[in-house]
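Colleague: A single structure is presented below for examination.
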Amino acid sequence: MIIYKSTDWWEALRHLKSSGVIRHLLKRVLWVGLYATAITAGAVYYHWISFVVDKEFFSFLGILLSLLLVFRTNTAYDRFYEGRRLWGQLVNNCRNLAILLHARLPAEDHANRAYLAGLLSNFPIALDGHLRQGAKIHKLAEVTPGYREQLHHIDHVPSRIAAQLQEFYERLLRDDVLLPTHLLTLQRHHEALLDVAGACERIKATPIPFSYSYFIKGFITVFILVMPFNLLDTYEYLTIPITMFGAYALLGVEMIGDEIEDPFGKDSNDLPLTQISNRIRANVHEILGVGLHEDVKGLADAPYSVVF
-15 MIIYKSTDWW EALRHLKSSG VIRHLLKRVL WVGLYATAIT AGAVYYHWIS FVVDKEFFSF
45 LGILLSLLLV FRTNTAYDRF YEGRRLWGQL VNNCRNLAIL LHARLPAEDH ANRAYLAGLL
105 SNFPIALDGH LRQGAKIHKL AEVTPGYREQ LHHIDHVPSR IAAQLQEFYE RLLRDDVLLP
165 THLLTLQRHH EALLDVAGAC ERIKATPIPF SYSYFIKGFI TVFILVMPFN LLDTYEYLTI
225 PITMFGAYAL LGVEMIGDEI EDPFGKDSND LPLTQISNRI RANVHEILGV GLHEDVKGLA
285 DAPYSVVF
């Protein structure tokens, strides 16, 4: 995700070059400009083309296309916002678990505190990788000797970490550190971890239906190809910049929708999952009073998004 101040127009414009979708969009607009130039030259200069599209019919198509694009953009943003809301829930529940167990664990019990801080930190980091290209085992905390090596054989690492957390609660219960009533309170926040993971998997595994997505893409393509024929008789050579501007708006809305409909990717406008995971790790260690290296802690407040 590109970090910027929405109230600062010049800063926002400065970040245009940072967006991969914008760079790709400008290339497409350039091709549209070349196409419009060829059509305009053929009609105005060489008089090879005399075909003109009825303006009322073209306006009707424009209204229909705008309605489709509004629905397309809203659907994509709903998925993006739901993904951010789910990760906000993950932040809250990890903090709540850390606070509840901090109150029960003896202050001198450094071993259990470090173990808990490592496991709680590992869950969002594992989920981050799971939603992208597989969990990055080397990024997880080595909470016990050989811990990361054991996870190499696990298909769903977040579930395994959640199971290890549950085993930890049960062990504290057997050691009389927790009471059954405490465990009931913990369960509500603990179950939310895999609820978040499952909801994120649902978003990732359920894209916009193929037929709907490509119907809009086909509609936009035809609309842009026909656009110069609607403008030639009125604007002549001005048809070229007008067509390019129209293509910029139409293609831009569709391409942005394509990018944000999967909020867990690594595009410039996707959610900063790695940065959120690092923030959870810093918060959990601070709450439990477990030391964390300054370089690792600094990743939680980096002025950029870490997506590797």
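Here the sequence shown stands for residues -15 to 292, numbered as in our numbering.
Don't be surprised by glycine CBs; every beta carbon is placed ideally from N, CA and C.
Tell whether a beta-carbon distance below 9 Å holds between isoleucine 271 and alanine 95.
Modeller: It is not a contact, given that the beta carbons lie outside the stated cut-off.
Colleague: Can you find the residues in the same chain that come closer than 8 Å, C-beta to C-beta, to arginine 263, ignoring five residues on each side of it along the sequence?
Modeller: These residues qualify, in order along the chain: Val75, Ala284 and Asp285.
Colleague: For arginine 158, does the three-state DSSP call read helix, strand or coil?
Modeller: Of the three classes helix, strand and coil, the one that applies to arginine 158 here is helix, per DSSP.
Colleague: When you compare each of Gly282, Tyr232 and Leu276 to alanine 98 by their alpha carbons, which one comes out closest?
Modeller: Closest option to alanine 98, Cα to Cα, is Leu276.
Colleague: To the nearest whole angstrom, what separates the beta carbons of alanine 101 and valine 274, a pair I think is in contact under 8 Å?
Modeller: Yes, alanine 101 and valine 274 are in contact; Cβ-Cβ is about 4 Å, under 8 Å.
Colleague: Can you list the alpha helix (DSSP H) stretches of 4 or more residues lying completely in the stretch 31 to 89, in chain order?
Modeller: DSSP runs (the alpha helix (DSSP H)) wholly in the stretch 31 to 89: 39 to 88.
Colleague: Let me know the secondary structure DSSP gives asparagine 318 once reduced to three states.
Modeller: Absent from the model: residue 318. The displayed extent of the chain is -15 to 292, so no value can be given.
Colleague: If you draw a straight line from the alpha carbon of leucine 51 to that of isoleucine 224, how long is it in whole angstroms?
Modeller: Answer to the nearest angstrom: the Cα atoms are 25 Å apart.
Colleague: Between which residues of its own chain and threonine 205 is the CB-CB distance below 8 Å, once the five residues before and five after are set aside?
Modeller: Closer than 8 Å at the Cβ level, and outside the excluded window around threonine 205, lies no residue.
Colleague: Rounding to the nearest angstrom, what Cα-Cα distance links tyrosine 221 and alanine 25 in this structure?
Modeller: Between tyrosine 221 and alanine 25, the C-alpha separation is close to 8 Å.
Colleague: Pair every Cβ in the stretch 29 to 38 with every Cβ in the stretch 133 to 153, then say whether three or more of these pairs are closer than 8 Å.
Modeller: No: the two stretches stay apart, fewer than three of their Cβ pairs being nearer than 8 Å.
Colleague: Answer yes or no: do asparagine 77 and leucine 167 have a C-beta to C-beta separation smaller than 9 Å?
Modeller: In this structure, leucine 167 does not lie closer than 9 Å to asparagine 77 by Cβ.
Colleague: Helix, strand or coil: which one does DSSP assign to proline 212?
Modeller: If DSSP states are grouped into helix, strand and coil, proline 212 belongs with the helices.
Colleague: Measuring alpha carbon to alpha carbon, tell me which of Val161, Gly118 and Ile192 ends up nearest leucine 85.
Modeller: Here the closest residue by C-alpha is Val161.
Colleague: Excluding five sequence neighbours on each side, which residues of the same chain lie with their C-beta closer than 7 Å to the C-beta of leucine 89?
Modeller: So the list reads Asn96, Arg97 and Val161, once near-sequence residues are dropped.
Colleague: Less than 9 Å between the beta carbons of valine 180 and leucine 103, yes or no?
Modeller: Their beta carbons are not under 9 Å apart, which means valine 180 does not touch leucine 103 by this criterion.
Colleague: Under 6 Å Cβ to Cβ from glutamate 278, same chain only, skipping five residues before and after it: list those, please.
Modeller: Cβ within range, chain order: n/a, list empty.
Colleague: By the 10 Å Cβ neighbour count, where 16 or more other Cβ atoms means buried, how is tyrosine 153 classified, buried or exposed?
Modeller: Buried, since its Cβ has 16 or more Cβ neighbours within 10 Å.
Colleague: Ignore the nearest five residues each way along the sequence and tell me which others in valine 127's own chain have a CB closer than 8 Å to its CB.
Modeller: Within the same chain, valine 127 has close Cβ partners Ala98, Tyr99, Gly102, Leu103 and Asn106.
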